[in-house]
Structures are given as structure tokens and as C-alpha cells.
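From first to last, the protein sequence lines are chains V and A.
This note's numbering numbers the first residue of the first sequence as 1 and each following residue consecutively.
This note's numbering numbers the first residue of the second sequence as 1001 and each following residue consecutively.
Where is the CB? At the ideal position from N, CA and C, for every residue including glycine.
All values derive from a computational prediction rather than experimental measurement.
Protein chains: 2
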Amino acid sequence: MKIAVDAMGGDYAPHAVVEGAVLALRKIDCTIILVGDREVLEPLLARHSHAADRVSIKHTSEVVRMDESPRKALNVKQDTSIRKTFDLVKSGEADAAMSAGNSGAAMLAGLHVLGTLPHVDRPCIGSILPTTNGRVVMLDAGANVDCRPHNLVQFAFMGHALAKYTLGIQSPRIGLLSIGEEAGKGNDLVRATYKLLRKSDLNFQGNIEGRDIFADNVDVVVCDGFVGNVALKTAEGVVQALGTRLKDEIRSSIFGRFGYLFMRPALKRFKQRFDYAEYGGALLLGIDGIGVIAHGRSNPVAIMNAIRISDEYARIRIAQRVKEEVESSAELKQSFGDKVHQVFEHIKEKKFEMDTKESTASEKGD
Amino acid sequence: MKIAVDAMGGDYAPHAVVEGAVLALRKIDCTIILVGDREVLEPLLARHSHAADRVSIKHTSEVVRMDESPRKALNVKQDTSIRKTFDLVKSGEADAAMSAGNSGAAMLAGLHVLGTLPHVDRPCIGSILPTTNGRVVMLDAGANVDCRPHNLVQFAFMGHALAKYTLGIQSPRIGLLSIGEEAGKGNDLVRATYKLLRKSDLNFQGNIEGRDIFADNVDVVVCDGFVGNVALKTAEGVVQALGTRLKDEIRSSIFGRFGYLFMRPALKRFKQRFDYAEYGGALLLGIDGIGVIAHGRSNPVAIMNAIRISDEYARIRIAQRVKEEVESSAELKQSFGDKVHQVFEHIKEKKFEMDTKESTASEKGD
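Structure below.
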């Protein structure tokens, strides 16, 4: 597989990206196109002559910075590394695009260059996370901050496809992230989405709570991008806080330090399992091609794993698989669409009641 | 201090609650009123004759179950343990109310019986969580699922007061939970709230991300109750998953088991620090009196700690402190109120633009 890598994206780019790409070439049977400033990249790559035959550089002169507005940056800058990375997928020169840069810009570039799949209004970010005994698909992990119920239903369909082809589960269990298991629990968005998913022919398990994400109760966790991103980063923060604290506790006594010598392999396996650097990247779902975004703080190991994931997604042609799944449920979606419409009508009436009752509904959620 | 305890509330009630109350009487200089069915509670209490002089029973005949709609249950049932628990605070017979039962019912009962503080539209749940090196106040932890910007601003003021009097910080650093640190990041609610908090004279630090909750960057985390509850339970789930996994890794090798013998004290301190059972309960903020809600799954140790926390809140008269803080900023709130109004006007216009553009805005978030 050929992987186009945005060499200028990420907090430690381009150094960490080049190092990660070189690591990937050692471990994975793929070729890599590094996209970015040739003058910067060539000297970095020159240190690794053994990699020379399977890596090339595609020159671009501009970069979308992490703190830039993705939309503005992509409008103004015509020759950015992130856009060119997706261009290579569009033209067929690469099988997948990977970036550790501004994830909003990656989403937008992917969307503009590759377009969306049929039946998908808004693409989203699908993450695969380690659980107590397995893995779980979570989406949206951060692309869409204010969603409507039918967006979440589309995420559920795409999550179904992702879990089916990456976790190998024929009928993945879908859970809706809420704050209680009962049907009536949650905010307005979740309560309306619940009704729609209940009527779909997905294997919908109902609401789940935050603690269920890692408990192997479901295979797919559906939520809006704001909630999903907060949950993901909270989990990351807890892992980090626990790690630091555990280290401190162990160091605080001579017995602890002695015991650590024996437990090191176990602790290392443990750390590996929950370290984002081992997990690689999240998939842009709903675009017509493969795009993987890695953590902004990616070190070379994280970059290598994101390239590995990109290679795997390219091998199973995940975008095509998702497309087939979504299209095969078109008939279902037809009848389903009517139900969506009915529920929306109901919501409109309810909303109107609220308007007249409080006459402040326009402030709501805004 | 006299603590009224809802003896019928919680997954393991009444047994765990009675056991926890007895434990608390051993460790804490307080008296306890157990509220619930006398016929059930008397035999449980009879086993602990040493506690007899500092515990009494207040009889009630009804219970709000965990799966009941709080509003309906409290409307229909007139003699519930949760309502009576707050009645005892209202009448001055108790200094604080504590329940591990249906937290929605506890919030509603507290609200109806004790009323809200001036300048507070909606009470919320304030949790104090362990961080890498200290503690952080998080609110709302689950009471209000669909919020408006001014609700979050009020949460921030109450969080300021709670952090000031429990963490002992004169000017607590306030963070707004979002999905990026820049001002423009977040959903509509967060972006509008950011503008309001920026104009307040709170020590507002801007947006924080999920991973910052536990990183000691701020003293107060402000969010709506849906997001707060998801974040809290996600954190709980991660702690649980990591604990299980760590145990498995340690057990999987003879070296691991040997090392564990030496590390046990360190691991125990570590577990204690992040175990919810050690943390007791969350405070109902914005009601005119003290109410503490404990985890539904509370075991006797968790109940004991929730009673300990209730006793501490009663000693520092936290409700009165929050009231003073909110009232003392009344002048500020006056001028501040105008700004709130201006921002809302702006939002209304923006919303109107969206309505006319998409003519589907009524589906939004609903």
C-alpha cells in the first residue's frame, strides 16, 4: 500500500513524522510519500539511506498551523501539505492519507478533496479504543460539535461498518452515550436519537454511561463530537494522572522500588495497552477515501502506528466497505427516513410548546 | 452536627446505609437520623447497640426507586424517605441531608423543600475529584442536561465559592470544559459562555480540555450536567478498567506476583486516592441548605465518607458561604447582567440567521 503522510502536521513535525515514517518502513510492507517542504525534509531523510527506495517527497510550500482556523487557512493557502496529502489519494497516487496536524483542517481537506459518501450529511471521526478485554469504536470523536439526531444515526451506521470490518463482529452492539440507561435519560439530542435508533435495524443496545465505554458492554459508542472529544481526552487525562501517581507511590518507598523491579514487564505491557502512542490514529468516516488523523502530540512511535493503521485500513479498503454498508441499507433508510421525518415533526411541535412557554428558547444551547 | 440520612436510598440500601452510618458514628463526632421504614431499620440497627445513643430513626413509608421518574414519584408519593430527609434540614432538626438514592429525586426534593439561593436559576451538582497532585471542583456533575450560557456562569460562581471554602484557595482558577483551548473552540453553548465568563471578575482561565481536569491546571471545571456526568463516569470507567487490567498483568507472571508483595502498600494508597468510595459525595449547590448525594453503588465505606463530607460541609456552613459569595457579587452581577443580556441578543440574531438559512433549526439539538 502507498501511504501519503502530511510531514508538516503535528506538534513535533517534521522531525517526529520523518522518524516515524522511517520506523514504519522498517516494520511495515508499504511505501510512503512524505508531503511537505522538500528543503526541510530532504536533510532529515538523508540520515536514513536504507529507507530511500520506499519513500519519496512531494513538495508543498505551506502549512496549516495547529492554532489556525481550518476553514480560513484552507481558503487562503492553496498549497498546504494537508490538502496535497488528500490530493494524492484522490488522484490514486496513494491509498490512504495520514496527518498528525490540525484535525479540523484534515477533516475539511478530506471532505473537499474526496467528497462525502452517499446518505452521509456529515463525516465524523471514528476512534478505536482499548477496553478492559478488547476494543471499542467511538464516534464522533471530535468533528461535529453541534449535532442533530439524524447525524448521530448516520454515525451509528458508519460505526456499525467500522466495527464489522476492523473488530470482525458481524452484528456489532451499538450504544448511545448518555447519563443513564433508561430510555428517557439524556439531553434533548440523545432522547430524540434514542427513538430513531430504536426503530433502525441496527443492533441497538440503548443508552450507555461513561463508565460503560471501557467495559466491553457494546462494540460501538455513538455521541456528538463535543461529548466524544471530552470523553476521550478525559480518559487520556486519567491514564496520565494515574500513571504519574503510580510512579510516585512506587518511588516513595524502598519496598515499592524493589517490587517494581519484578513488576516492570507487567507494568510495561499495561502501559502499552493504554498508551495512545500505541494506538495510532482515528479514521475520518463518511468521506470517499481513507484519511487517518493521529494525535497532535504524536512521537515517532505514534506516527509509526498511525501509518500502520492507515496501511491496514487501505488493505481492507475500509472506505469502500463503509460505502457498501451504508448503501446496502438504502432500502431500510428509505422507510427509515419516513420515521425520521415523523420524529422531527414531533420535535418541532415540542419545541414550539417550549417557545411559547418560555419565550427564551432561542437562547437554548447557544 | 446532626446529619439526616436517607436510609432507603442506594443500590445496597438499607443494609449498606445502616452499616455506613454505624461506621461513621465510630469515626466522626456527629449524630445521625436514619430516615426510612422503622420496621426494616430497627432490626438492622439493633445489632449495633454501642451506637444507640447517637442515632435515631425517623419513620417514612415510601421510597423513590432508582428507575422512577423523580418528578412523578415525588408528586404521587407524599411520604418518601428522600423528601423527609430534606424536611429535617428545613425544620432545623438536622444540619445536612445525605442520600445515595435517585440523585434526580434528591435534587428535586432539596429544591422544593429548601428553595434556591438568590441569583441562582438552577441548582447543580458539585463534585470534588482527586487530581494528580490535589483536588478539583467539577460542576455541573449531572443535574442539568440542557443548559443556557447564564446557567453555566452561575455554576462558575458557585464553583468559585465551593473551591474557596473547601480547597482553601482565595481566588480559584476557573476553567470552561471544551474541546480546545482557543476562545473559538467548543459547541454553541460553550462559545457563548466563554464570552460571558471573560467579562466576569472571576479568575477565568479560558477553555480547558478533558485531559486538563486531572492536571491541576485549574481549581474549578465548569460544564453542563450532561457533559460533566459523561466525563465523571468515563473517568470512573477508566480507573476501573485500568485496575482490572493491572491486576491481570500482575497475576500473569510469577515475577509480577512476587513484586506485588512489596508494592502492595503503594498500590493500596494509589487505589484509595482514586476510589470513589473514599470520596464520599457530591454537594447540591444553589439550594438553601446542605444536601449531599452519594454514589448509587455506595458500599458502607462510601456511605461513611459521604456522612463525613456532610458533617464537614455542615461545620463550615457551606450553603451560607455560597449564599454570601453569590450575594456579595450582586453589584457585579447587576452590571454583569446587562452584558449577559447583550450576548443573548446577539445569539438570538445569530439563531435567526440560522433559521432562515436552513429552516431546520428547530431540529437542532432536539
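Residue i and residue j closer than 9 Å at C-beta
i: residue 40 of chain V; j: residue 21 of chain V; result: no
i: residue 1114 of chain A; j: residue 1281 of chain A; result: no
i: residue 238 of chain V; j: residue 1242 of chain A; result: yes
i: residue 1010 of chain A; j: residue 1303 of chain A; result: yes
i: residue 126 of chain V; j: residue 146 of chain V; result: no
i: residue 258 of chain V; j: residue 1190 of chain A; result: no
i: residue 13 of chain V; j: residue 100 of chain V; result: yes
i: residue 254 of chain V; j: residue 3 of chain V; result: no
i: residue 28 of chain V; j: residue 311 of chain V; result: yes
i: residue 233 of chain V; j: residue 1047 of chain A; result: no
i: residue 207 of chain V; j: residue 181 of chain V; result: yes
Which of helix, strand or coil DSSP assigns to residue i
i: residue 1303 of chain A; result: helix
i: residue 1107 of chain A; result: helix
i: residue 1215 of chain A; result: coil
i: residue 131 of chain V; result: coil
i: residue 1006 of chain A; result: strand
i: residue 1152 of chain A; result: helix
i: residue 81 of chain V; result: helix
i: residue 170 of chain V; result: coil
i: residue 62 of chain V; result: strand
i: residue 1285 of chain A; result: strand
i: residue 1024 of chain A; result: helix
i: residue 1290 of chain A; result: coil
i: residue 1221 of chain A; result: strand
i: residue 1099 of chain A; result: strand
i: residue 1158 of chain A; result: helix
i: residue 1035 of chain A; result: strand
i: residue 137 of chain V; result: strand
i: residue 1203 of chain A; result: coil
i: residue 1310 of chain A; result: helix
i: residue 1125 of chain A; result: strand
i: residue 1056 of chain A; result: strand
i: residue 1177 of chain A; result: strand
i: residue 1250 of chain A; result: helix
i: residue 11 of chain V; result: coil
i: residue 316 of chain V; result: coil
i: residue 17 of chain V; result: helix
Cut-off 7 Å between Cβ atoms - residues of its own chain near residue i, not counting five sequence neighbours on either side
i: residue 1165 of chain A; result: 1316, 1318, 1321
i: residue 1063 of chain A; result: 1008, 1080, 1081
i: residue 179 of chain V; result: 185, 186, 209
i: residue 1133 of chain A; result: 1216
i: residue 203 of chain V; result: 171, 172, 173, 174
i: residue 70 of chain V; result: 64, 102, 104, 105, 108
i: residue 313 of chain V; result: 96, 283, 290, 292
Inter-residue CB distance, residue i and residue j (contact presumed, cutoff 8 Å)
i: residue 177 of chain V; j: residue 193 of chain V; result: Residue 177 of chain V to residue 193 of chain V, Cβ: 10 Å. No contact.
i: residue 118 of chain V; j: residue 326 of chain V; result: 7 Å
i: residue 1090 of chain A; j: residue 1289 of chain A; result: 7 Å
i: residue 1174 of chain A; j: residue 1156 of chain A; result: 5 Å
i: residue 419 of chain V; j: residue 35 of chain V; result: Because residue 419 of chain V is not part of the residues shown, which for chain V are 1 to 366, the question remains open.
i: residue 88 of chain V; j: residue 54 of chain V; result: With a Cβ gap of about 16 Å, residue 88 of chain V and residue 54 of chain V do not count as contacting.
i: residue 76 of chain V; j: residue 44 of chain V; result: No, residue 76 of chain V and residue 44 of chain V are not in contact; Cβ-Cβ is about 27 Å, not under 8 Å.
i: residue 1016 of chain A; j: residue 1298 of chain A; result: 6 Å
Neighbourhood of residue i by C-beta, 6 Å cutoff - its chain only, sequence neighbours within 5 removed
i: residue 1149 of chain A; result: 1192, 1193, 1196
i: residue 56 of chain V; result: 33
i: residue 368 of chain V; result: With chain V covering 1 to 366 only, the question about residue 368 of chain V has no answer from this structure.
i: residue 30 of chain V; result: 1, 3, 311
i: residue 260 of chain V; result: 250
Own chain partners of residue i with C-beta closer than 8 Å, once the 5 adjacent residues on each side are dropped
i: residue 1213 of chain A; result: 1129, 1131, 1136, 1138, 1177, 1221, 1231, 1235
i: residue 1038 of chain A; result: 1057, 1059
i: residue 1078 of chain A; result: 1062
i: residue 110 of chain V; result: 86, 97, 123, 284, 287, 289, 291
Minimum Cβ-Cβ distance from residue i to chain B less than 9 Å
i: residue 124 of chain V; result: Any reference to chain B falls outside this structure, whose protein chains are V and A.
* Take every Cβ of the segment 1117-1125 of chain A, pair it with every Cβ of the segment 1083-1096 of chain A, and state whether three or more of those distances are shorter than 8 Å. => no
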